[in-house]
Amino acid sequence: MSKKSLVFSGVQPTGNLHLGNYLGALKNFVSLQKDMNCIYCVVDLHAITVFQKPNVLRDNVLETVASFLATGLDPNKSIIFNQSSVSGHAELAWILNCVSRIGWLNRMTQFKDKAGSDKEKASVGLYIYPNLMAADILLYKATHVPVGADQKQHLELSRDIALKFNSDFGCKDFFPLPEPLIPKNISRVMSLRDGTKKMSKSEESDYSRINLKDSADEIIKKIKKAKSDSAPIPNSLKELEKKPEALNLLTIYSEISKINLDKILDEMSGKDYSFLKNKLADLLIGEIAPVGNEIKKLMGDKTHLLKVLKKGNEKARNLAEENLKNIREKVGLI
Ligand code: AQP
Numbered sequence: 001m002s003k004k005s006l007v008f009s010g011v012q013p014t015g016n017l018h019l020g021n022y023l024g025a026l027k028n029f030v031s032l033q034k035d036m037n038c039i040y041c042v043v044d045l046h047a048i049t050v051f052q053k054p055n056v057l058r059d060n061v062l063e064t065v066a067s068f069l070a071t072g073l074d075p076n077k078s079i080i081f082n083q084s085s086v087s088g089h090a091e092l093a094w095i096l097n098c099v100s101r102i103g104w105l106n107r108m109t110q111f112k113d114k115a116g117s118d119k120e121k122a123s124v125g126l127y128i129y130p131n132l133m134a135a136d137i138l139l140y141k142a143t144h145v146p147v148g149a150d151q152k153q154h155l156e157l158s159r160d161i162a163l164k165f166n167s168d169f170g171c172k173d174f175f176p177l178p179e180p181l182i183p184k185n186i187s188r189v190m191s192l193r194d195g196t197k198k199m200s201k202s203e204e205s206d207y208s209r210i211n212l213k214d215s216a217d218e219i220i221k222k223i224k225k226a227k228s229d230s231a232p233i234p235n236s237l238k239e240l241e242k243k244p245e246a247l248n249l250l251t252i253y254s255e256i257s258k259i260n261l262d263k264i265l266d267e268m269s270g271k272d273y274s275f276l277k278n279k280l281a282d283l284l285i286g287e288i289a290p291v292g293n294e295i296k297k298l299m300g301d302k303t304h305l306l307k308v309l310k311k312g313n314e315k316a317r318n319l320a321e322e323n324l325k326n327i328r329e330k331v332g333l334i
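Under this note's numbering, the first residue of the sequence shown is numbered 1, with each subsequent residue one higher.
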């Protein structure tokens, strides 16, 4: 990555940040801030594409900031702010709504998943969510976007929108084409109840996910109850790949222990899943429980969290305003 590289990513303040958010996004955010300029956003405007109770949303915004800090983001290195405080996100989203094509949005699988069978009742915001995501990234001319694999399609759309804007307004290279940074080994953490669905905040059963705020007892209980397989642990990756829930548990174990899957299978093949589950629960308690404790501690000082946001909001607003001036000019807005 060159010196001009800029990292941007966002997390929705929809409560219950979980192991998927942690391994798919937050851990990557922290390692990138060592060498890169990074902007991390609590995307509250995205959250309200599905109804949120206002007082719960306010608390969830602060809890997301607390989760950023608890996982190791440093507000002196990275810009940490909330999306609605920088009105340029909404302004650029409108401009990009006019660049993006209905046919492109119709292909977005996340809308299909989230809107369910009754699409007529979904909010318009949910439908045009990917255009707002493109605005989030392009507003800062970000070059790299760390996300889980579930966001890959939206990122491709952001690139298409950037390309079309550059071409429509005759300004080649004005918006850089943002590159996704997707974790290699575990790009999609799956539900503990169904290995074909991603772990998600909005899944009804709390047993489907490990929340960052889960206690050690809750982690043990959830891992014990996690779906695995009735046969013992297989001896080859090929066999394991036929069993999505078992593959998910072993992949999480591999990611946290930093031992590759082949080596783990050498050690564990033929054993019952209870052997893996005991080890996995211990590892998760070591990794997640300190983060959860720190989130709870930080939530005890909301004035501090608001101060972090205020500082980040100012920095983000300045960067956004500078870029917006040029964007308005390109489009012909006075
Ligand atoms: N299961 C996952 N595995 C890997 N990465 C994941 N991410 C989310 N779930 C997984 C990544 O976490 C970042 C923040 O996601 P988000 O909360 O803004 O939105 P989301 O992807 O819609 O997450 P959820 O948990 O599924 O929320 P709900 O249920 O509210 O829709 C993103 O980088 C995402 O890729």
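Beta carbons are placed, not taken as given, at the ideal position from N, Cα and C, and that holds for glycine.
| Item | Value |
| --- | --- |
| heavy atom of ligand 1 below 7 Å from Met199 C-beta | yes |
| Cut-off 8 Å between Cβ atoms - residues of its own chain near Thr109, not counting five sequence neighbours on either side | Gln153 |
| Bounding residues of the beta strand (DSSP E) (the contiguous stretch that carries Gly10) | 6-11 |
| Limits of the alpha helix (DSSP H) - the one that Glu322 falls within | 302-331 |
| Classification of Glu245 by the beta-carbon crowding that lies within 10 angstroms, buried from 16 upward | buried |
| Lys198 burial status per 10 Å Cβ neighbour count (16 or more: buried) | buried |
| Pair within 8 Å by beta-carbon distance, Val61 and Val30 | no |
| Rounded C-alpha distance that separates Ile334 from Glu322 | 15 Å |
| Leu181, enclosing beta strand (DSSP E) - first and last residue | 179-181 |
| Buried or exposed (CB count within 10 angstroms, at least 16 for buried), Val56 | exposed |
| First through last residue of the beta strand (DSSP E) which encompasses His144 | 144-146 |
| Bounding residues of the alpha helix (DSSP H) (the contiguous stretch that carries Val30) | 27-32 |
| Asn76, DSSP secondary structure in three states | coil |
| Contact test: His18 Cβ vs ligand 1 heavy atom, cutoff 7 Å | yes |
| Inter-residue Cα distance where the pair is Thr14 and Ile219 | 21 Å |
| Close-in-space but distant-in-sequence residues of the same chain around Leu265 (CB under 8 Å, 5 per side omitted) | Ile233, Pro234, Asn235, Ser236, Leu237, Leu240, Leu250 |
| Cβ-Cβ distance between Ser208 and Arg193 below 8 Å | yes |
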